[in-house]
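Contents: one structure, followed by commentary.
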Amino acid sequence: MSDTAARPSLADCARTQLRVIGALVIREMHTRFGRHRFGYLTLFLEPMILAIGVGIIHQLHKGERGVRGSFEMYAIGYVLFMKFRQMIMRASGAIPSNVALLHHRQIALPDLFFARHLIETAACTGVLFLMTFVGIAMGGEYPDSPMKMLAAAALMFLLAQGMALMVGAATTEWHGIERFIHLMTYLFLPISGLFFMLYWLPPWLQEYAVWVPTVHIFELLRDGQFGEKYWTQYDLLYVAKWILVTHLIGLAGLRVVRGRIGLE
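Remember, my numbering sits 1 above the position in the sequence shown when you count from 1.
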């Protein structure tokens, strides 16, 4: 009779990893917000207050009509960009602050990022729903396709996650690079597509703007918000390629990092 234990099935492995990620989510929430209930509210209040401020500024801008002065366009768009930026910026501290957890064999490096991203995703989705209702209450229209809006949010999260995996690996290998990344996230804001739609740009500038993946995501978001009322243009296959490439590079980088920090 063989003493070799039966190998766990794929379903068992999946359930184990889900439990691990769930435990990491709880630990991350306690670490970031404490055990008091008010701390958890900051997860929602911070993006909500900033998004409302940005939306009101554009809503009250003199001379602007239609989508250019729309509260829901800028408020909801800002929520997505803010979470995109936060996921990337927080990636630099994910490994150093949790390196002790990696001595548990069930915990893999990507799990640290997935747990953080689940928290950001849940918070952002809740704020998106709230901002939509606030926009309607301020005289805006009902979204043309909420599913397209949710699809845009999902694509933004996946793109941010892929880039966060890359940043997490890079900042562990090269200390100090997080300052450069912090600067780049600010410089990326004007070209991200948050403050413009493609049809506003001259044709020659549109040819360059379509190379930015977030521009396509924001165009999908506006299509879900306003429908055929305004012309939108996006290539979801192009965005999917970015998501796939960033995840492959990020996961490969984390594999190298895990070997370098002496856990294998």
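All residues carry an ideal CB built from backbone N, CA and C; glycine is no exception.
Asked: The ligand ATP heavy atom lying under 7 angstroms from the CB of Thr-215; Found: Of the ligands one can find in the structure shown there are none, so the ligand ATP has no counterpart to examine.
Asked: Sub-8 angstroms separation of Ala-154 and Leu-51 beta-carbons; Found: no
Asked: Cβ distance (whole Å) where Lys-149 is taken to contact Asp-224 below 8 angstroms; Found: 6 angstroms
Asked: Whole-angstrom C-beta distance between Met-30 and Ile-120, which should lie under 8 angstroms; Found: 7 angstroms
Asked: Beta-carbon proximity of Gly-251 to Gly-163, cut-off 8 angstroms; Found: yes
Asked: Assigned exposure category for Ser-98 - 16 Cβ within 10 Å defines buried; Found: exposed
Asked: Host alpha helix (DSSP H) of Tyr-200 (start-end); Found: Premise fails: Tyr-200 is in no alpha helix (DSSP H) and is neither H nor E.
Asked: Limits of the alpha helix (DSSP H) - the one that Lys-230 falls within; Found: First-last for Lys-230: undefined, no H or E at that position.
Asked: C-beta contact flag for Gly-194 and Phe-158 at 8 angstroms; Found: no
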